[in-house]
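Sequential numbering from 143 applies to the sequence shown in the numbering used here.
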Amino acid sequence: MLHVSRFTLYERDRFKNPKIETRGAKYITMSNKNIRQLLTAIASFFDVTAINSVFLAAYWLRFHSGLMDAIAVHKGPAPPLDGYLQLMPLMTVVYLVAIRWFGLYRFESLSKVDTFYAGIKATTFASILILGAVFFYRGFSYSRWVMVLSWFININALFLNRILIKIIERQLRMRGIGVSRIAVVGFNRTAQNLIDSIQSRPELGYKIIGIIAGRKPMISIESDRLLGNTADILELVKKHHLDELFIASPVISHGEILQLIHSCEGNSVKFKIIPDLYEIMVGKVNVGEINGIPVVGLKEFPLQGWRRLIKRLMDISVSLTALIVLSPLMFIIAAAIKINDDGPVFFSQERVGQDGKPFTMYKFRSMRPDAEEGVGHRWAAKNDPRRTKVGAFIRRWSLDELPQLFNVLKGDMSLVGPRPEMSGLIQDFSKAIPHYLERHQVKSGMTGWAQSNGLRGNTSLEERIKYDLYYIENWSLIFDIKILLKTIWAIGKGS
Numbered sequence: 143m144l145h146v147s148r149f150t151l152y153e154r155d156r157f158k159n160p161k162i163e164t165r166g167a168k169y170i171t172m173s174n175k176n177i178r179q180l181l182t183a184i185a186s187f188f189d190v191t192a193i194n195s196v197f198l199a200a201y202w203l204r205f206h207s208g209l210m211d212a213i214a215v216h217k218g219p220a221p222p223l224d225g226y227l228q229l230m231p232l233m234t235v236v237y238l239v240a241i242r243w244f245g246l247y248r249f250e251s252l253s254k255v256d257t258f259y260a261g262i263k264a265t266t267f268a269s270i271l272i273l274g275a276v277f278f279y280r281g282f283s284y285s286r287w288v289m290v291l292s293w294f295i296n297i298n299a300l301f302l303n304r305i306l307i308k309i310i311e312r313q314l315r316m317r318g319i320g321v322s323r324i325a326v327v328g329f330n331r332t333a334q335n336l337i338d339s340i341q342s343r344p345e346l347g348y349k350i351i352g353i354i355a356g357r358k359p360m361i362s363i364e365s366d367r368l369l370g371n372t373a374d375i376l377e378l379v380k381k382h383h384l385d386e387l388f389i390a391s392p393v394i395s396h397g398e399i400l401q402l403i404h405s406c407e408g409n410s411v412k413f414k415i416i417p418d419l420y421e422i423m424v425g426k427v428n429v430g431e432i433n434g435i436p437v438v439g440l441k442e443f444p445l446q447g448w449r450r451l452i453k454r455l456m457d458i459s460v461s462l463t464a465l466i467v468l469s470p471l472m473f474i475i476a477a478a479i480k481i482n483d484d485g486p487v488f489f490s491q492e493r494v495g496q497d498g499k500p501f502t503m504y505k506f507r508s509m510r511p512d513a514e515e516g517v518g519h520r521w522a523a524k525n526d527p528r529r530t531k532v533g534a535f536i537r538r539w540s541l542d543e544l545p546q547l548f549n550v551l552k553g554d555m556s557l558v559g560p561r562p563e564m565s566g567l568i569q570d571f572s573k574a575i576p577h578y579l580e581r582h583q584v585k586s587g588m589t590g591w592a593q594s595n596g597l598r599g600n601t602s603l604e605e606r607i608k609y610d611l612y613y614i615e616n617w618s619l620i621f622d623i624k625i626l627l628k629t630i631w632a633i634g635k636g637s
């Protein structure tokens, strides 16, 4: 187990604690629950409006716009609008149920990629149900093109609705409406990451008031950040009007947690545990019981048997298609590199992949040909002077990674997986970082869960390992698609 007891000065400075303040006259006491209900009501109104507007727009596009005359099977006069109006109440109900079923009203837990993908699932599910209903209804003949157009436009309409809701929510949160005042009890690296996330995302609805020390010694914290210690927990909750306490485990012992809960009985404060990822190996779990005693066990890694075959088939089909489609771009990049300094087009390096087997990984060369002479390999830094002009451009847009499509097609790598490391570093990493070697249970990837969340290049290796292990334990084909979409989104933004 990895228990962080010390932090560097840089890590301590990253925690910029807000000024401690009591609830004043300007604090709006609308609860977080009421905010959720308000946003759900607004989103439902937007959705009902969009669903019906889109259906009418699809009817117009099919029968009155003239845009589909060339491909439409039906060549006669347009069917009466009344038949479609009669279907709209059923369609609205089915869509709303599907939207709720696929979690599109859980705003705080969905990223843009998650939202878009959930919208695809919800609209597809609703469209299938509606098509089934109209198929068995013989009183009116509905156009399949209207249904298809409705499906396609609704995917985008639902996504735009969520963007609007996010904007509304962010404005409310930034004005202090419905914000939960929280304190962190105990402190470790995982708690630090949570604090950073909360401070960078005001739409989550949390305001960090400070830190409450536990019995175990913590790093030195300035007095304006430290509210007190757990011995005075009830007084601190009342003094600072705390709504929730986030408890850092394993910094706070189980016995201390129970004492905290007991001390705050009768108050409305909520408790949440911040688990240490290395301690519990977050992932899917088996939950059972033995004679009424709950037992939680880790599942086997899901990427086994036929699932490996499906992942491999996707790797082959996508990499082959991408190589064909992107071949003109790859030729242009190769020519630009050659013209720039007449050095080699490709950079190859031995990396370690699945089961610890070495392989040669390819990239477009972005550094000078003599970049490693005399210094050996070192990570590329921002504005690295060793980069060429062409190299700076292709690295910004991750175009230097395109030759790895050959690695994927060959079977050395996968589209998605932990990024491969150099063989000379593996031994040191495995000694320093618990569970490091478990990332070699799957093929290395062109992109991964860590990279799609901004952890790439010269970033904390320990943090990347956490994301890699989470990916391995929670693998699914849908998860791979989500990571690919997030990666494409990030590349499109140049980040």
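All residues carry an ideal CB built from backbone N, CA and C; glycine is no exception.
Query                                                                                                            : Result
Identity of the residue in G328, I614, P344 and F282 nearest I375 by Cα                                          : G328
Inter-stretch contact at 8 Å, needing at least 3 Cβ pairs: the stretch 241-259 / the stretch 282-289             : no
Identity of the residue in L455, I466, V584 and M316 nearest D497 by Cα                                          : V584
For E605 and V487, the rounded distance between their alpha carbons                                              : 32 Å
Limits of the unbroken beta strand (DSSP E) element including T589                                               : S586 to T589
Member of I340, D483, A632 and E563 whose CA lies at the smallest distance from the CA of S540                   : A632
Contained beta strand (DSSP E) runs [length at least 3] in the stretch 429-506, N- to C-terminal order           : 435-440, 488-494 and 500-506
CB of I295 within 8 Å of CB of V190, strictly                                                                    : no
Coil, strand or helix - N371 by DSSP                                                                             : strand
Per-residue DSSP class, three states only, for I415                                                              : strand
Status (buried if at least 16 other CB within 10 Å, exposed otherwise) for F277                                  : exposed
P562 beta carbon less than 8 Å from that of M503                                                                 : yes
Runs of beta strand (DSSP E) lying entirely within the stretch 585-634, each at least 3 residues, in chain order : 586-589
Any 3 or more C-beta pairs closer than 8 Å across the stretch 201-210 and the stretch 256-265                    : no
Continuous alpha helix (DSSP H) assignments of at least 4 residues falling wholly in the stretch 313-365         : 331-342
Anticipated Cβ contact below 8 Å, I416 with S391, distance rounded                                               : 6 Å
Proximity to I310 [Cα-Cα], best of A183, F205, N298 and N335                                                     : A183
For L368 and R357, the rounded distance between their alpha carbons                                              : 14 Å
At least three beta-carbon pairs within less than 8 Å, the stretch 321-340 to the stretch 383-390                : yes
Residue range of the alpha helix (DSSP H) that includes E398                                                     : H396 to S405
Pair within 8 Å by beta-carbon distance, I568 and I475                                                           : no
D385 versus S410: straight-line alpha-carbon distance, rounded                                                   : 7 Å
CA-to-CA distance, R454 to L462, given in whole angstroms                                                        : 12 Å
8 Å contact criterion, which S508 and R493 should meet: CB distance rounded                                      : Not a contact, Cβ separation roughly 17 Å.
Residue of N482, I272, E407 and Q401 minimising C-alpha distance to K651                                         : A question about residue 651 goes unanswered here, because the residues of the chain that appear run from 143 up to 637.
Residue span of the alpha helix (DSSP H) that contains M97, given as start and end                               : Look at the range of the chain in this structure, 143 to 637, and you will see that residue 97 is not part of it.
Under 8 Å between C-beta atoms of L232 and A275                                                                  : yes
Reference Y613, options L445, L302, L544 and Q546, closest by Cα                                                 : L445
CA nearest to the CA of L291, picked from Y348, I177 and L198                                                    : L198
Identity of the residues DSSP links to M509 by a beta bridge                                                     : R529
L471 to V532 span [Cα, whole Å]                                                                                  : 13 Å
Status (buried if at least 16 other CB within 10 Å, exposed otherwise) for T601                                  : exposed
Inter-residue spacing [alpha-carbon to alpha-carbon] between P344 and L314                                       : 9 Å
Sub-8 Å separation of Y247 and A185 beta-carbons                                                                 : yes
V558: first and last residue of the uninterrupted alpha helix (DSSP H) it sits in                                : Note, V558: premise wrong, no alpha helix (DSSP H); beta strand (DSSP E) at M555 to V558.
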